[in-house]
Ligand code: UD1
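Structure, rendered in structure tokens:
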């Protein structure tokens, strides 16, 4: 199939382009490069021997999006493009709602005009909000707690309404838990701009000497070691989950929701220890106050994806940290070189 990947130069996007090409698909990428580099696609091409067609296009530019569909015979879309920093979304909500919602509406309107009605959407475990007990199950009532999360939830609503109204659409909503790691080649990985918000990219930058020490946000939670528990998933497992979802919905009308997670929680200190093992030395850290908005513990019920997609995670936390470290060590400044 020919797959359009929006946001295909980003962290999860680039790994998914690689998995799609390895599975035999042709790939077209749209990206506005707001938070990423097209160098990732050159590296993917070096690994797979296949070059994705690249369009430096913003989803807010509807005629340009339309032109991409005019130029390629697209069979299905995987939609990653969007702004994703929780803190920034609290301070600039309009920017988030405008970019993520209007971009998605432009995309699905262009898809409809060109008769492309299969879409896999990059949602997030953040849609489960703060009111659900763990583990999170797809049928739970959702309710995100910040503007970024609400854009994910609202896009889920838009796509669900579309699927209910028009039985020609095949729609997969994938709720990711905490993606970390990198392709084992060390050629592609996460390249956050500025100070990383997320745990493993921050640890990696301490390990490579770009930051002094890790601040562990809270050591007094009601968890085994007092730090928060999260469901970390290797980005290559996550990418393969997209290919499995795409295959499953092909030709099957309806709206499907799947958690993509491992089904277990690891603490901040467990992640730190695992990264230290990969590094072969200790990493300085300090336990500080809790980060506002953090939940003590959450992880996926991963049984639906296993039952429906025959997909489950296969890579351990140690592998995530080894692969993340290889990428960071080989690319201390990310794609900037
Ligand atoms: C965060 C977002 C979530 C988003 C996800 C994407 C928040 C509140 N949530 O999830 O909406 O979908 O990223 O991956 O921002 N930690 C530290 N020190 C650090 C960084 C993190 O101790 O410097 C801790 C956090 O308190 C948390 C754990 O590490 O317990 C994981 O944090 P993070 O990687 O930011 O992911 P989430 O907060 O789970």
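Numbering (my numbering), first residue to last: 3 to 339.
Even glycine gets a Cβ: it sits at the ideal position worked out from N, Cα and C.
(1) Can you tell me which of 220, 305, 256, 273 puts its alpha carbon nearest to the alpha carbon of residue 290?
(2) Please list, in chain order, all residues of the same chain as residue 227 whose beta carbon is under 6 angstroms from its beta carbon, the five residues on each side excluded.
(3) From this set, 254, 149, 318, 261, which residue's C-alpha is nearest residue 295's C-alpha?
(4) What residue does the beta strand (DSSP E) around residue 178 start on, and which one ends it?
(5) Could you check what DSSP says for residue 288 in three-state terms: helix, strand or coil?
(6) Assuming residue 262 and residue 240 make a contact with CB atoms under 8 angstroms, what is their CB distance in whole Å?
(7) The alpha helix (DSSP H) that contains residue 329, what's its start and end?
(8) Looking only at C-alpha atoms, which of 191, 154, 208, 324 sits nearest to residue 178?
(9) Between which two residues does the alpha helix (DSSP H) holding residue 300 run?
(10) Whole-angstrom Cβ separation of residue 182 and residue 202, contact assumed at under 8 angstroms?
(11) What residues are listed by DSSP as bridge partners for residue 181?
(12) Let's test the definition: count the other Cβ atoms within 10 Å of the Cβ of residue 276 and tell me whether it reaches 16, buried, or not, exposed.
(13) For residue 81 and residue 334, what's the separation of their Cα atoms in angstroms?
(14) Any chance you could list the beta strand (DSSP E) runs of at least 3 consecutive residues sitting entirely within the region 78-115, in chain order?
(15) CA-CA distance, residue 225 and residue 301?
(16) If you pair each beta-carbon of the region 167-176 with each one of the region 321-337, do three or more pairs fall below 8 angstroms?
(17) Tell me which residue opens and which closes the alpha helix (DSSP H) that residue 49 is part of.
(18) My output table needs one value for residue 217: the three-state DSSP class, helix, strand or coil.
(19) Check whether the Cβ atoms of residue 247 and residue 122 lie closer than 9 angstroms to each other.
(20) Does the distance from the CB of residue 323 to the CB of residue 279 come in under 9 angstroms?
(21) May I ask you to report which of helix, strand or coil DSSP gives residue 252?
(22) Which two residues bound the contiguous alpha helix (DSSP H) that contains residue 280?
(23) Pull up the distance between the alpha-carbon of residue 93 and that of residue 197, whole angstroms please.
(24) Tell me whether residue 138 counts as near the ligand UD1, meaning its Cβ is closer than 8 angstroms to at least one heavy atom of that ligand.
(25) By Cβ distance below 6 angstroms, which residues in the same chain neighbour residue 38 in space, the five residues on each side in sequence not counted?
(26) Just mark residue 316 as buried or exposed, buried being the case when its beta carbon has 16 or more other beta carbons within 10 Å.
(27) Are the CB atoms of residue 327 and residue 297 nearer to each other than 9 angstroms?
Inspection of the coordinates gives the following:
(1) What you label residue 290 is simply residue 288 of the chain shown in a count that begins at 1. Nearest option by C-alpha distance: 220.
(2) Position 225 of the chain shown, counted from the start, is the residue given in the question as residue 227. Cβ neighbours of residue 227 beyond the five flanking positions: 269, 271.
(3) The count along the chain shown starts at 1 and reaches residue 295 at position 293. When only C-alpha atoms are compared, the closest one is 149.
(4) Position 176 of the chain shown holds residue 178. Residues 172-178.
(5) One-based indexing of the chain shown puts residue 288 at position 286. Reduced to three states, the DSSP call for residue 288 is strand.
(6) Numbered from 1 along the chain shown, position 260 holds the residue referred to as residue 262. Numbered from 1 along the chain shown, position 238 holds the residue referred to as residue 240. Residue 262 to residue 240, Cβ: 6 angstroms. Contact.
(7) Along the chain shown, one-based indexing puts residue 329 at 327. Its alpha helix (DSSP H) spans residues 319-332.
(8) As a position in the chain shown, residue 178 is number 176, starting the count at 1. Out of 191, 154, 208, 324, 154 has the C-alpha closest to the C-alpha of residue 178.
(9) Locating residue 300 in the chain shown gives position 298, where the first residue counts as 1. Neither: residue 300 is in no alpha helix (DSSP H) and is coded neither H nor E.
(10) As a first step, residue 182 must be located in the chain shown, where it is residue number 180. As a first step, residue 202 must be located in the chain shown, where it is residue number 200. With 8 angstroms as the limit, residue 182 and residue 202 qualify as a contact, their Cβ atoms being about 4 angstroms apart.
(11) Within the chain shown, numbered from 1, the residue matching residue 181 stands at position 179. Paired residue(s): 235.
(12) Counted from its first residue, the chain shown places residue 276 at position 274. Answer is buried; the Cβ neighbour count reaches 16.
(13) Taking the chain shown and counting its residues from 1, the one referred to as residue 81 is at position 79. Taking the chain shown and counting its residues from 1, the one referred to as residue 334 is at position 332. So the alpha carbons of these two residues sit roughly 29 angstroms apart.
(14) 78-81
(15) By 1-based counting over the chain shown, the position of residue 225 is 223. By 1-based counting over the chain shown, the position of residue 301 is 299. Those two C-alpha atoms are separated by around 13 angstroms.
(16) no
(17) Position 47 of the chain shown, counting from 1, holds the residue named residue 49. It spans 41-50 - the alpha helix (DSSP H) in which residue 49 sits, taken as one unbroken run.
(18) As a first step, residue 217 must be located in the chain shown, where it is residue number 215. Correct three-state label for residue 217: strand.
(19) Here residue 247 corresponds to residue number 245 of the chain shown, with the count starting at 1. Here residue 122 corresponds to residue number 120 of the chain shown, with the count starting at 1. Yes; because the gap between Cβ atoms is below 9 angstroms, this pair is in contact.
(20) As a position in the chain shown, residue 323 is number 321, starting the count at 1. As a position in the chain shown, residue 279 is number 277, starting the count at 1. A contact, by the Cβ cut-off of 9 angstroms.
(21) Locating residue 252 in the chain shown gives position 250, where the first residue counts as 1. Residue 252 falls in the coil class under three-state DSSP.
(22) Counted from its first residue, the chain shown places residue 280 at position 278. Run containing residue 280: 270-281, per the alpha helix (DSSP H) assignment.
(23) The residue given as residue 93 occupies position 91 in the chain shown. The residue given as residue 197 occupies position 195 in the chain shown. Taking the straight line joining both Cα atoms gives about 17 angstroms.
(24) Walking along the chain shown from the start, residue 138 turns up at place 136. Checking every heavy atom of the ligand UD1 against the Cβ of residue 138, none is found closer than 8 angstroms.
(25) Taking the first residue of the chain shown as position 1, residue 38 is located at position 36. These residues qualify, in order along the chain: 11, 12.
(26) Here residue 316 corresponds to residue number 314 of the chain shown, with the count starting at 1. That one is exposed.
(27) Locating residue 327 in the chain shown gives position 325, where the first residue counts as 1. Locating residue 297 in the chain shown gives position 295, where the first residue counts as 1. In this structure, residue 297 does not lie closer than 9 angstroms to residue 327 by Cβ.
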